[in-house]
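Asker:
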Amino acid sequence: SSSSSSSSSPPPQPPNHWSEKLRNPRADTRDASRYMTRDGIASSDSKIAFSSVYRDGDNVALTSPDALVLSFVADAAFDGDEDAARAAVERVEMLIPSLRAAGRKASTGAPTLARWARDVDALCAALVSLRRALPSCDVADFVLKTPRLLFDCDHDELKKTLDELRELFPNAGKDGKPDVDRMAQAVPQILDVDFTRAGLRALRDSGAFGDADPAELVHAVPSRILMVESAHLRSSFSPNFDQTHVRAGKVARVGRRESYYDDHGIVARDPEQPYW
Numbered sequence: 007s008s009s010s011s012s013s014s015s016p017p018p019q020p021p022n023h024w025s026e027k028l029r030n031p032r033a034d035t036r037d038a039s040r041y042m043t044r045d046g047i048a049s050s051d052s053k054i055a056f057s058s059v060y061r062d063g064d065n066v067a068l069t070s071p072d073a074l075v076l077s078f079v080a081d082a083a084f085d086g087d088e089d090a091a092r093a094a095v096e097r098v099e100m101l102i103p104s105l106r107a108a109g110r111k112a113s114t115g116a117p118t119l120a121r122w123a124r125d126v127d128a129l130c131a132a133l134v135s136l137r138r139a140l141p142s143c144d145v146a147d148f149v150l151k152t153p154r155l156l157f158d159c160d161h162d163e164l165k166k167t168l169d170e171l172r173e174l175f176p177n178a179g180k181d182g183k184p185d186v187d188r189m190a191q192a193v194p195q196i197l198d199v200d201f202t203r204a205g206l207r208a209l210r211d212s213g214a215f216g217d218a219d220p221a222e223l224v225h226a227v228p229s230r231i232l233m234v235e236s237a238h239l240r241s242s243f244s245p246n247f248d249q250t251h252v253r254a255g256k257v258a259r260v261g262r263r264e265s266y267y268d269d270h271g272i273v274a275r276d277p278e279q280p281y282w
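Numbering (my numbering), first residue to last: 7 to 282.
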């Protein structure tokens with residue numbers, strides 16, 4: 007009987023096991039540590055190294071956003087084979103090195119990454135074709151901002167779009183100034199020519215910049231075109247309806263958003279100095 011009672015008894019639990027609070031509400035189960043961030047755990051006395059902790063109620067997954075995306079890519083494009091998905095994603099990273107940055111796969115999204123990884127040869131060909139259309143751009147960085155440019159955009163039509171933009175910005179690409187393709191890399195919304203044309207007209211009509219030429223203003227700081235974007239006047243290249251550049255109904259300052267403009271001092275330049 008003693009053997010049967012011992013076999014039916016629950017196995018001993020380690021100290022501070024979560025189940026102790028079911029028997030003793032005052033038991034110290036160190037629940038506070040379960041809600042700590044990665045930095046908090048690293049700065050505590052705990053010797054456990056966590057990459058990240060993602061919580062949903064009492065379910066804890068010790069993983070990272072990129073690892074989670076990889077599993078979704080495997081399900082979408084490789085019948086759940088994570089090894090094949092990992093090898094394909096590594097090939098994609100060779101073409102688009104920025105994907106190696108922490109969290110970049112997650113921000114790109116599993117559907118987009120699965121589409122690229124499914125046929126890396128087609129991805130390579132699309133990047134080459136896009137490079138011909140946008141010769142002065144970092145196309146690998148561009149497609150992370152605007153993935154539709156790879157497979158959902160006719161590159162011959164894109165060249166015509168750039169020609170139309172050059173008519174709106176006649177000084178672009180002259181005297182060492184950035185061409186319209188680099189403007190589009192900074193603010194993809196201008197690739198919608200109808201929006202850009204209407205936006206320039208709205209800037210002029212607003213009188214916010216006096217008698218200044220709105221085309222010159224936008225060429226110097228492309229994000230100025232976003233000052234007039236709204237639900238009524240919206241670019242088809244806008245990433246979402248709730249624009250990230252708007253805070254409390256006002257356009258937020260974007261800092262170093264157009265790095266190749268800021269690096270050369272174009273935003274706050276001395277008018278007596280050369281443009282470039």
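No residue lacks a Cβ here, since even glycine has one placed at the ideal position from N, Cα and C.
Note that the structure is a prediction, hence the values are computed from the model and not measured.
For glycine 255, which of helix, strand or coil comes out of DSSP?
Answerer: Since pLDDT at glycine 255 reaches only 49, below the 50 mark, its modelled position is unreliable, and no value is offered.
Asker: I need the DSSP call for glutamate 5, collapsed to helix, strand or coil.
Answerer: Look at the range of the chain in this structure, 7 to 282, and you will see that residue 5 is not part of it.
Asker: Might you give, ordered along the chain, the residues of its own chain that have their beta carbon closer than 8 Å to the beta carbon of aspartate 87, omitting 5 neighbours on each side?
Answerer: Answer for aspartate 87: Ala80, listed in chain order.
Asker: Answer yes or no: do leucine 223 and threonine 202 have a C-beta to C-beta separation smaller than 9 Å?
Answerer: No.
Asker: May I ask you to report which of helix, strand or coil DSSP gives serine 11?
Answerer: Reliability fails at serine 11, whose pLDDT of 47 lies under 50, so the model's placement of it is uncertain and no value is given.
Asker: Any idea what DSSP makes of valine 224, helix, strand or coil?
Answerer: Note: valine 224 maps to helix in three-state DSSP.
Asker: First and last residue of the alpha helix (DSSP H) that includes glutamate 99?
Answerer: Unbroken alpha helix (DSSP H) run through glutamate 99: 88-101.
Asker: Check whether the Cβ atoms of aspartate 147 and glycine 109 sit closer than 9 Å, and answer yes or no.
Answerer: No, the Cβ-Cβ distance between aspartate 147 and glycine 109 is not below 9 Å.
Asker: Can you tell me whether aspartate 200 is helix, strand or coil according to DSSP?
Answerer: Correct three-state label for aspartate 200: helix.
Asker: For serine 70, which three-state DSSP category applies?
Answerer: Of the three classes helix, strand and coil, the one that applies to serine 70 here is coil, per DSSP.
Asker: Using 8 Å as the threshold, is the segment 149-168 in touch with the segment 207-216, meaning 3 or more CB pairs across them?
Answerer: The answer is no - the segment 207-216 does not touch the segment 149-168, with fewer than three Cβ pairs under 8 Å.
Asker: Less than 7 Å between C-beta atoms, sequence neighbours within five positions excluded: which residues of the same chain meet that for cysteine 143?
Answerer: Cβ neighbours of cysteine 143 beyond the five flanking positions: Asp187, Arg188, Gln191.
Asker: Are leucine 74 and alanine 112 touching if we call contact CB-CB under 9 Å?
Answerer: Closer than 9 Å, so yes.
Asker: Which of helix, strand or coil does DSSP assign to aspartate 248?
Answerer: With a pLDDT of 47 at aspartate 248, under the threshold of 50, the modelled position of that residue is not reliable, and the figure given next carries that caveat. In the structure shown, aspartate 248 sits in coil (DSSP, three-state: anything other than H, G, I, E or B).
Asker: What ranges does the alpha helix (DSSP H) occupy inside the segment 106-188, keeping only unbroken runs of at least 4 residues that lie completely in it?
Answerer: Runs of the alpha helix (DSSP H) inside the segment 106-188: 110-114, 116-124, 126-139, 145-151, 154-157, 161-174.
Asker: Within 10 Å of its beta-carbon, does methionine 100 have 16 or more other beta-carbons around it, so buried, or fewer, so exposed?
Answerer: The residue is exposed, with fewer than 16 neighbouring Cβ atoms inside 10 Å.
Asker: What three-state label does DSSP hand alanine 237 in the structure shown?
Answerer: Correct three-state label for alanine 237: coil.
Asker: Return the chain-ordered list of same chain residues with a C-beta closer than 7 Å to the C-beta of phenylalanine 243, the five sequence neighbours on each side being excluded.
Answerer: Excluding residues within five positions, the ones whose Cβ falls inside 7 Å are Thr152, Pro194, Gln195, Leu197, Asp198.
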